[in-house]
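To keep things clear, I will list the structure first and then write my remarks on it.
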Amino acid sequence: MKKTVIFLLLCLFLTGCAAEEAEHSLIANLDLFSPYAETVLQTVPDYELRAQTDGLYTELSQGNAAACFDVQAIPAMEQGVGRYWYPHCLATVVIAVDRAQTDADISRWRDLLDAGAVVGMTTDAPQNRLILGAMSYGLEGREYTKSEALDLLERLYSQGELRLDDQMAPIQLCFDYQAAAWNRAGQNWEIIVPEEGTLSFDLGLLSDTPLEFERGLDETLLAAGLPLADGRRPDGYPDNRAYRDAVHPEDFARLLSVTEDTDRDIRRSVCHTRLYSSADHREHTLAALLVSAMAIFWMGTVSQRILRRDIRRTAALVGWLVVGWIFLRLLKYQIFEICLLTRLCWYGYYVFQLALPLAMLRLADIVDKPEDAKRLLRPIWWPMAAYILSVLLIFTNDLHQMVFRFDLSGDWSHDYQYGPGYFVVLLISLVFLLAAIVLLFRKNRHSRYLGARVFPVLFIAAILSYILGYLFNIPLFRDSDYTITICVLAMLFFESFLHTGMIPVNVRYGPLFAAAPLNLQLLDEEGQTVLAANGASPIPKSVWRRLRADMSRPLLRDRDTLLHATPIRGGMVVWQEDVSALNRVRQEIQTSSARLEAANALLREESEAKRRLLAAEAKAELYDELEREIPRRVSVLARLIQSLPQAEDHQRQTAYITLCLCHIKRRYNLFFLTRQSEPVLGDELSIYLDELAELAGYAGVKVLVRCGLHSQMAVRTASLCYDFCFESLSWAVRENCSTMLGYLEREDTELAFKLLPACSPDNWRFSQEFQDAVAAARGRITHKNLDDTAGVWLTIPLGGEDCG
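With mature numbering (1 follows the signal peptide of the UniProt record, and there is no 0) as the guide, the letters of the sequence shown map in order to residues -18 to -1, 1 to 786.
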């Protein structure tokens, strides 16, 4: 454990790479800040210009001055890093168009989609983040996110018109001073400030110590073609009116938050790559730490499962090779400068990568031999010699370039090719791996377990497919993390052999079976007992045959003994279970169930009696409500029927009685609809009104009622309209009014029922019951005096029902 802790501490200390100390250095990303840094250096004595070789904060802590943007400097100063900020120049994100290659009409960000020309964009930080932030601001305004900017870039990429890090593209997303520098070099670039808006940033020096500049710095910068922070620009830039839509960021925190994952977003959302692997530096680091933690945890679990020390040490060696490879990779990512040290770290990958198959071959050699810890230290000579020669061939590649071919003066970390030596080394590694697999299969050839062959073969196919796909630049494989993938596959490969039995684990079964509390027994393929617990009874052949016929179900040996069996390679495991306690519990449960059934029967009878009682009470309550609803109408109908023999006009009286009966019937219908909370269609109400009009015609009153409503309305509103029509027709029959016109319609937020009788309605009186119902609905009854007639209006406020 102590050695493990010391190793991890050394790895943590080695993950940083300190640059050589330099007094009074002006550090800069030379690709982005070179013109500015070289110009300012002329006015800052005792400083020398060099490329950034470490983190910005580390460089400042060493007393250096750093060329950077305000979006980098201000947050750093707020965190206590850097105390002096000297802004000198203004950098505005623009669209630069090479008029020697294209005549596309571009004035806005969205015009890029219709330009029909290739757009170039750098992936270098922080330039890519600032460009994405400027696009997001221009497309979405002050409350910008990055969604629309990423969508625009994704559409450009899908059209084949976006190329990352392509300096030959006719359209470039860059800073204005960069495009101006290209023009001074004799090219013809038009600088376009997008009309939707863009962002401008101050470019200056950040330092922990005060700086003294010689006089004439502004004139020197203008002469170098750089715009000043106060807005002055030399020739070759658009006029100041073109920069009216360029603003400084108001909230640096928002800009940094929105553009935090620019590398990952461009790869996944724009280019649709790195979908299944880490996509930026942060994810690379997290993935490496996660896999390292998994490897250390896996080594701990393997040490608990494997009892042989030599095999356990081999598994630990595999785990530490994985951890070492990953931490060396982390060390390489901490080095900013592409130098000899980064190349040596790259070569160092193969120290671990080539050792993994060698460790697997060593495991296959000792797996069936007696346990001997000293044997692990004795190497297999010819594979070890081949491994050492392969490592030496890789580390001397700078001398012969037989493994990797690249130009040392260029960007060799990206622009390289594989030489014949690489394929020789790869072939040796594959030979080690295949030899280990063949050896393991030969030593387990008598195993009848199919999984012992299938699972390792699947992992072999996965590893070979991945390596070949990576070498032949297949996107799915090439865009993945080679180191992480190989390390994970190596651990899974080892684990597959553990689970399939090709590597023995927990070999000391004798004491385990002797002390087994379930009377455990191990039987071979002939039913003979191989291992058995001290209290286990022998299994007769007849019982063994029944168990072998169906192992999925337990076998009852006697009333209180249950036999369980499960198949294993070469036989079965049988254990006996005492179920006497379960039998007693089952008997108690049956007794309790009988009692519960009797209690449930009583409860069901009680529930049924209560249900019948409640139904009778509900029916009585409903009848009471019906009696309260229309007692006056029933009494009036009874008087009309009694007075029918004395009536002068029997037909008219009979028609009126029929009208009252129809009204009572429909009111009962509306009463039940009210209890069911169901709405009434306007067409249904129209039928009711037409029915009343038809019956009124038999009484001598010609009635025409039009319903201008067709959709749903509340039952209460329909009832009021129906009662209004009935009482109006009752009046017309009693007063011998020959004609009546009616119209039901919606007026704004009210429902209006208009009636025009052929005689004056001055003595028209509605029942008190109806007037109270109208008042309760906040409605009103109005007498209208028209030019040559009079009418009666019923208006009811709409209560939210659909009456359109």
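Don't be surprised by glycine CBs; every beta carbon is placed ideally from N, CA and C.
Grab the span of the alpha helix (DSSP H) containing residue i for me, first residue to last.
{"i": "G102", "result": "Taken as a continuous stretch (DSSP letters only), G102 belongs to no alpha helix (DSSP H), being part of the beta strand (DSSP E) at V101 to M103."}
{"i": "I778", "result": "No alpha helix (DSSP H) contains I778, which is instead part of the beta strand (DSSP E) from A772 to P779."}
{"i": "T511", "result": "First-last for T511: T511 to A514, but that is the beta strand (DSSP E), not the alpha helix (DSSP H)."}
{"i": "residue 797", "result": "Not covered by the structure: residue 797. The range shown for the chain is -18 to 786."}
{"i": "Y703", "result": "Residue 703 is actually Cys in this sequence, not Tyr. That run of the alpha helix (DSSP H) goes V697 to R716."}
{"i": "Y725", "result": "Counting along the chain, Y725 falls outside any alpha helix (DSSP H), though it belongs to the beta strand (DSSP E) covering T721 to E729."}
{"i": "F377", "result": "W363 to F377"}
{"i": "T244", "result": "T244 to D247"}
{"i": "F183", "result": "Note, F183: premise wrong, no alpha helix (DSSP H); beta strand (DSSP E) at T180 to S189."}
{"i": "R145", "result": "Looking at the DSSP string, R145 is not in any alpha helix (DSSP H); the run it does join, the beta strand (DSSP E), is L144 to L146."}
For residue i, which of helix, strand or coil comes out of DSSP?
{"i": "I174", "result": "strand"}
{"i": "Q154", "result": "strand"}
{"i": "E3", "result": "Legend: pLDDT at E3 = 41, less than 50; position of this residue unreliable, value from coordinates given subsequently. If DSSP states are grouped into helix, strand and coil, E3 belongs with coil."}
{"i": "N767", "result": "strand"}
{"i": "A33", "result": "strand"}
{"i": "P69", "result": "strand"}
{"i": "D28", "result": "coil"}
{"i": "L358", "result": "Because the pLDDT at L358 is just 49, under 50, the model does not fix this residue reliably, and the value given afterwards should be weighed accordingly. Three-state result, L358: helix."}
{"i": "F334", "result": "helix"}
{"i": "I9", "result": "strand"}
{"i": "F195", "result": "coil"}
{"i": "I521", "result": "coil"}
{"i": "K736", "result": "strand"}
{"i": "L326", "result": "helix"}
{"i": "F388", "result": "strand"}
{"i": "T21", "result": "helix"}
{"i": "Y400", "result": "strand"}
{"i": "Q160", "result": "helix"}
{"i": "V63", "result": "coil"}
Which same chain residues end up closer than 8 angstroms to residue i when comparing Cβ atoms and leaving out the 5 residues on each side of it in sequence?
{"i": "L121", "result": "W91, R92, E130, A131, L134 and E178"}
{"i": "G207", "result": "P17, Y159, A162, A163, R166, P216 and G218"}
{"i": "I113", "result": "V75, M103, T104, L155 and C156"}
Within its chain, find whatever has a CB closer than 7 angstroms to the CB of residue i; leave out the 5 residues flanking it on each side and keep chain order.
{"i": "L257", "result": "R250"}
{"i": "D247", "result": "K128 and L132"}
{"i": "A368", "result": "I410"}
In terms of residue numbering, what span does the beta strand (DSSP E) encompassing residue i cover?
{"i": "M554", "result": "G553 to D560"}
{"i": "I550", "result": "T543 to I550"}
{"i": "D540", "result": "L537 to D540"}
{"i": "D506", "result": "Q503 to D506"}
{"i": "Y685", "result": "It is Val, not Tyr, that sits at residue 685 in the sequence shown. That run of the beta strand (DSSP E) goes K684 to C689."}
{"i": "F51", "result": "A47 to F51"}
Indicate whether residue i and residue j have their beta-carbon atoms separated by less than 8 angstroms.
{"i": "E143", "j": "A99", "result": "yes"}
{"i": "L737", "j": "Y704", "result": "no"}
{"i": "D80", "j": "Q160", "result": "no"}
{"i": "L23", "j": "Y29", "result": "yes"}
{"i": "T467", "j": "D245", "result": "no"}
{"i": "G213", "j": "H70", "result": "no"}
{"i": "H765", "j": "F708", "result": "no"}
If we ignore side chains and look at the alpha-carbon of each, how far apart do residue i and residue j end up?
{"i": "L440", "j": "S447", "result": "10 angstroms"}
{"i": "V333", "j": "N455", "result": "24 angstroms"}
{"i": "L564", "j": "L544", "result": "11 angstroms"}
{"i": "L358", "j": "I410", "result": "With a pLDDT of 49 at L358, under the threshold of 50, the predicted position of this residue should be treated as unreliable, though the coordinate-derived value follows. Straight-line Cα distance between these residues: approximately 22 angstroms."}
{"i": "A355", "j": "R294", "result": "Unreliable placement is indicated for A355, whose pLDDT of 48 sits below 50; the coordinate value is still reported in the next sentence. Rounded to whole angstroms, A355 to R294 spans 10 angstroms at the Cα level."}
{"i": "D184", "j": "V53", "result": "8 angstroms"}
{"i": "H266", "j": "L504", "result": "49 angstroms"}
{"i": "P339", "j": "L310", "result": "19 angstroms"}
{"i": "L181", "j": "C327", "result": "40 angstroms"}
{"i": "A228", "j": "V175", "result": "7 angstroms"}
{"i": "V555", "j": "S274", "result": "38 angstroms"}
{"i": "R688", "j": "R586", "result": "56 angstroms"}
{"i": "L343", "j": "R424", "result": "13 angstroms"}
{"i": "D730", "j": "R760", "result": "16 angstroms"}
{"i": "R137", "j": "L95", "result": "8 angstroms"}
{"i": "G301", "j": "Y331", "result": "15 angstroms"}
{"i": "M473", "j": "L313", "result": "22 angstroms"}
{"i": "I308", "j": "W67", "result": "39 angstroms"}
Cutting at 6 angstroms between CB atoms, please list the residues of its own chain near residue i, excluding the five before and the five after it.
{"i": "Y126", "result": "S118 and Y119"}
{"i": "N767", "result": "none"}
{"i": "A4", "result": "Legend: pLDDT at A4 = 40, less than 50; position of this residue unreliable, no value from coordinates given."}
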